[in-house]
Amino acid sequence: MSDMLVNLLKLPPLEPALEAMRRASVVVRRAAPYEITRVRRFVEQHFTTYWADEISVGYANKPVSVYLAIRGGEVIGFSAYECTRRGFFGPTGVADSERGQGVGKALLLASLHGLAQMGYAYGIIGGVGPVEFYARTVGATLIPDSTPGVYADPLIEPAPPRGAEPPR
953 MSDMLVNLLK
963 LPPLEPALEA
973 MRRASVVVRR
983 AAPYEITRVR
993 RFVEQHFTTY
1003 WADEISVGYA
1013 NKPVSVYLAI
1023 RGGEVIGFSA
1033 YECTRRGFFG
1043 PTGVADSERG
1053 QGVGKALLLA
1063 SLHGLAQMGY
1073 AYGIIGGVGP
1083 VEFYARTVGA
1093 TLIPDSTPGV
1103 YADPLIEPAP
1113 PRGAEPPR
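With the working numbering, the residue at position 90 of the sequence shown is 1042, and numbering never jumps.
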C-alpha cells in the first residue's frame, strides 16, 4: 500500500465536522491516558493488535496524539498521529456499524489539525487503504514509489512448534 501526502496548510475546517458529529450524538475528542485499556480493547477487537501497539505510542505523546469518537459512552472509532513516524497520520478506524456517517472524516480532520498545530506544513498518511476517501476529504495525493514504505519488513508471528498446544 502506498503513502499519501497532505498539505496541512489547506485543510478543511474542523469545527463543521465536529458539529455534525454532535448533532449525531457522537463526541470526537482527544483521548485521555486513563482510557488506554478500553481503547486498546476496541482496536484489538475491531482491527488488529498491530494497530493497538501503534496507538500506545500516541498515548505516550504529550499531548496524547489519539482521538476518539464516542457514542453513548462507547468507543466507535479512533485516529492517531505521530505514532509510527514523525509527521505520520494513522492508524485510524471506525466500527463497521458506524461507517458512512462522517465519523472517519471527523477523526481524520482532528488528527491532521493536530499535526498542523505541531508546526508541520505537510503530513503523511502511511499505508493507505481508501485512497479516494483521503483524496476527496483532504486533497491527499499518492507519493510515488512509497510502497512498502515504513511498514516494510514486519515481524511475523512465529508458528507454534510441531505438536505444541496453541496458546489460550
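Even glycine gets a Cβ: it sits at the ideal position worked out from N, Cα and C.
Same chain, Cβ closer than 6 Å to residue i, five either side skipped, listed in chain order
| i | result |
| --- | --- |
| Glu996 | Ala1004 |
| Leu961 | Ala1073 |
Integer Cβ distance of residue i from residue j, believed to fall under 8 Å
| i | j | result |
| --- | --- | --- |
| Val1122 | Tyr1033 | With the chain covering 953 to 1120 only, the question about residue 1122 has no answer from this structure. |
| Gly1078 | Thr1036 | 6 Å |
| Ala1012 | Leu1059 | No, Ala1012 and Leu1059 are not in contact; Cβ-Cβ is about 20 Å, not under 8 Å. |
| Phe1040 | Ile1076 | 5 Å |
| Val1046 | Val978 | Contact doesn't hold; Cβ gap of about 10 Å is too wide. |
| Leu1061 | Ala969 | 5 Å |
| Gly1025 | Val1016 | Gly1025 to Val1016, Cβ: 19 Å. No contact. |
| Val980 | Tyr1019 | 6 Å |
Buried versus exposed, by CB contacts within 10 Å (16 or more), residue i
| i | result |
| --- | --- |
| Tyr1086 | buried |
| Ala984 | exposed |
| Ser1031 | buried |
| Lys1057 | buried |
| Gly1042 | buried |
| Gly1052 | exposed |
| Ile1007 | buried |
Backbone secondary structure at residue i - three-state DSSP
| i | result |
| --- | --- |
| Ile1007 | helix |
| Gly1078 | coil |
| Gly1029 | strand |
| Arg1120 | Confidence at Arg1120 is low in this model, with a pLDDT of 48, below 50, so the placement of that residue should be treated as unreliable; the coordinate-derived value is given next. Three-state result, Arg1120: coil. |
| Thr1093 | strand |
| Arg981 | strand |
| Tyr1019 | strand |
| Thr1001 | helix |
| Pro968 | helix |
| Gly1066 | helix |
| Phe1045 | Checking the sequence shown, residue 1045 turns out to be Gly, not Phe. Reduced to three states, the DSSP call for Gly1045 is strand. |
8 Å CB neighbourhood of residue i in its chain, flanking five on each side removed
| i | result |
| --- | --- |
| Asp1105 | none |
| Arg990 | Val1027 |
| Ser1063 | Ser1017, Tyr1019, Ser1031, Ala1032, Tyr1033, Phe1041 and Thr1044 |
| Gly1091 | Val958, Asn959 and Lys962 |
Neighbourhood of residue i by C-beta distance below 7 Å, restricted to the same chain and skipping five residues each side
| i | result |
| --- | --- |
| Val1080 | Met953, Ser954, Asp955, Met956 and Tyr1086 |
Host alpha helix (DSSP H) of residue i (start-end)
| i | result |
| --- | --- |
| Ile1180 | The shown model of the chain, from 953 to 1120, leaves out residue 1180, and the question about it has no answer. |
| Met956 | Here Met956 belongs to no alpha helix (DSSP H); instead the beta strand (DSSP E) covers Met956 to Asn959. |
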